[in-house]
Amino acid sequence: MALAFYAVACAPPPKSEKDLSLKDAFAGKFYIGAALDSAQIVGEDTAAIRVVKEQFNAIVAENCMKSEKIQPQEGVFDFHLPDQFVDFGEQNGLFVTGHTLIWHSQAPAWFFVDSLGNDVSREVMIERMKTHIQTVVGRYKGRIKGWDVVNEAILDDGSYRQSKFFEIIGEDYIRLAFEFAHQADPDAELYYNDYSMANAGKREGVVAMVKKLQEQGVRIDGIGMQAHIGLGHPDIAEFEKSIEAFGALGVHVMITELDLTLLPFPDQNVGAEVSASFEYQQQMDPYKEGLPDEMNTKFENRYLDFFKLFLKHQDVISRVTQWGVNDTQSWRNYWPIDGRTDYPLLFDRENNPKPVVAKIIELTKE
């Protein structure tokens, strides 16, 4: 009896409503995650790491697992940061996603050419792709729970992107990438990930591609909808149509790379095309000294509208992941215009939760 009394007396008190975290609030609904940069992975950014441990139950690597980083030279793999990333996830009981195996951007130049700089043959390209995927996935077999296998292969009109993978191999490279990943780790979940997924043309193209993979017997477990949103785009009703269309395929839907830019955008047609770049102009950087109340209100309302949508479709949504931990880290400060000050995430530059976090948590109680 004394031991039982001691155990009860020493048990931590239940969390108050004030202390409730995002991961607590969304428990039983979907994972809530964040992308980690190198300073966080190696433990230098201790304040951001505290936020991750307190608030999130899923992580993805922002850059260190992209092919130009992980295999900068043929046959020379750099697992230094990825190993630390996976270790951190395991030590803290987090759902770990690998990002990304096959992507036309941030791929090493050698991947597609021979010693003379000419495109390699289809056979060589397939072998290089297979070696890369199976080496990386195989290293983390049973440890990384899900992989973004192919990233951004469909254009806004629903056609295939004419990437080097497509030019050399053909559309079959997508099927092969998923098959190679499945062979390397039969238990890992496998995803397709893309931006501007609320566009009707892209929606139809992705649905057609996934249906074809399913008909070919290829394992595909989920579709990642990158959510690089703004105050006026995408149309939330169109975003919902895509959630429903993808969910109807019998796969998970994941909200990936979520951030909300408040800055004017120089060209709405570029989506989240990482190669887009525009020169700095002062009028395109209006909030360097802070956000006015009116913009804070718009920011909160937009985030709340999207989280209401995510909760509405929690039956098919398995994860919602912010693209970063805090505003300082966000790529929105340097893309598509370098040197701007944006406020796209749920935690500010001092790693404090913004007022909208408490309001998002309140939504889960309704």
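For the sequence shown, counting from 1, position 178 maps to 178 in full-length UniProt numbering; every step adds exactly one. Just so it is clear, CB atoms sit at the ideal spot from N, CA and C, and this is done for glycine as well. The model shown is predicted, which means the values in this text are computed figures rather than measured ones.
Would you call R175 buried or exposed, if buried means 16 or more other Cβ atoms sit within 10 Å of its Cβ? What you label residue 175 is simply residue 175 of the sequence shown in a count that begins at 1. Flag for R175 reads buried.
Between which residues of its own chain and V8 is the CB-CB distance below 6 Å, once the five residues before and five after are set aside? On the sequence shown, residue 8 is found 8 positions in, with the first residue counted as 1. Its pLDDT being 44, under 50, V8 is placed unreliably by the model, and nothing is read from it.
Are at least three pairs of beta-carbons, each pair with one atom in the region 220–238 and one in the region 290–309, less than 8 Å apart? Contact between the region 220–238 and the region 290–309 is present, with at least three C-beta pairs closer than 8 Å.
Only counting the same chain, and skipping five residues up and downstream in sequence, which positions put a Cβ closer than 7 Å to that of D338? Along the sequence shown, read from residue 1 onward, the residue named residue 338 stands at position 338. Excluding residues within five positions, the ones whose Cβ falls inside 7 Å are Y280.
For a test of the three-state rule: what should DSSP assign to T100, helix, strand or coil? Taking the sequence shown and counting its residues from 1, the one referred to as residue 100 is at position 100. Looking at T100 - three-state DSSP - the assignment turns out to be strand.
Taking H182 as part of the alpha helix (DSSP H), name the residues at either end of that continuous run. As a position in the sequence shown, residue 182 is number 182, starting the count at 1. Start and end: D172 to A184.
From the DSSP output, which residues share a beta bridge with A188? By 1-based counting over the sequence shown, the position of residue 188 is 188. A188 is not bridged to any residue.
Applying the 10 Å Cβ sphere with the 16-neighbour rule, what's the burial state of A39? As a working mapping, residue 39 is identified with position 39 in the sequence shown. Here A39 is exposed. Its C-beta has fewer than 16 other C-beta atoms within 10 Å.
Considering just the uninterrupted stretch of the beta strand (DSSP E) at M225, what are its terminal residues? The residue you call residue 225 lines up with position 225 of the sequence shown. Per DSSP, M225 belongs to the beta strand (DSSP E) from G222 to G230.
Taking only three categories from DSSP, how would you classify R332? As a position in the sequence shown, residue 332 is number 332, starting the count at 1. R332 falls in the helix class under three-state DSSP.
Anyone know if the C-beta pair for L345 and D285 falls short of 9 Å? Within the sequence shown, residue 345 is the residue found at index 345, counting from 1. Within the sequence shown, residue 285 is the residue found at index 285, counting from 1. In this structure, D285 does not lie closer than 9 Å to L345 by Cβ.
Let me check understanding here. Comparing Cα to Cα, which of A177, G205 and D114 lies closest to E129? Start at 1 with the first residue of the sequence shown, and residue 129 comes out as number 129. According to the sequence provided, residue 129 is Met. The question's Glu does not apply to it. When each option's Cα is compared against that of M129, the closest is A177.
Could you tell me the alpha carbon to alpha carbon distance between Q84 and V42, rounded to whole angstroms? As a first step, residue 84 must be located in the sequence shown, where it is residue number 84. As a first step, residue 42 must be located in the sequence shown, where it is residue number 42. Taking the straight line joining both Cα atoms gives about 7 Å.
Per the contact definition of three or more C-beta pairs closer than 8 Å, is the region 118–125 in contact with the region 71–80? The region 71–80 vs the region 118–125: no contact.
Host alpha helix (DSSP H) of D87 (start-end): In the sequence shown, residue 87 corresponds to position 87, counting from 1. For D87, the uninterrupted alpha helix (DSSP H) run begins and ends at H80 to Q91, by DSSP.
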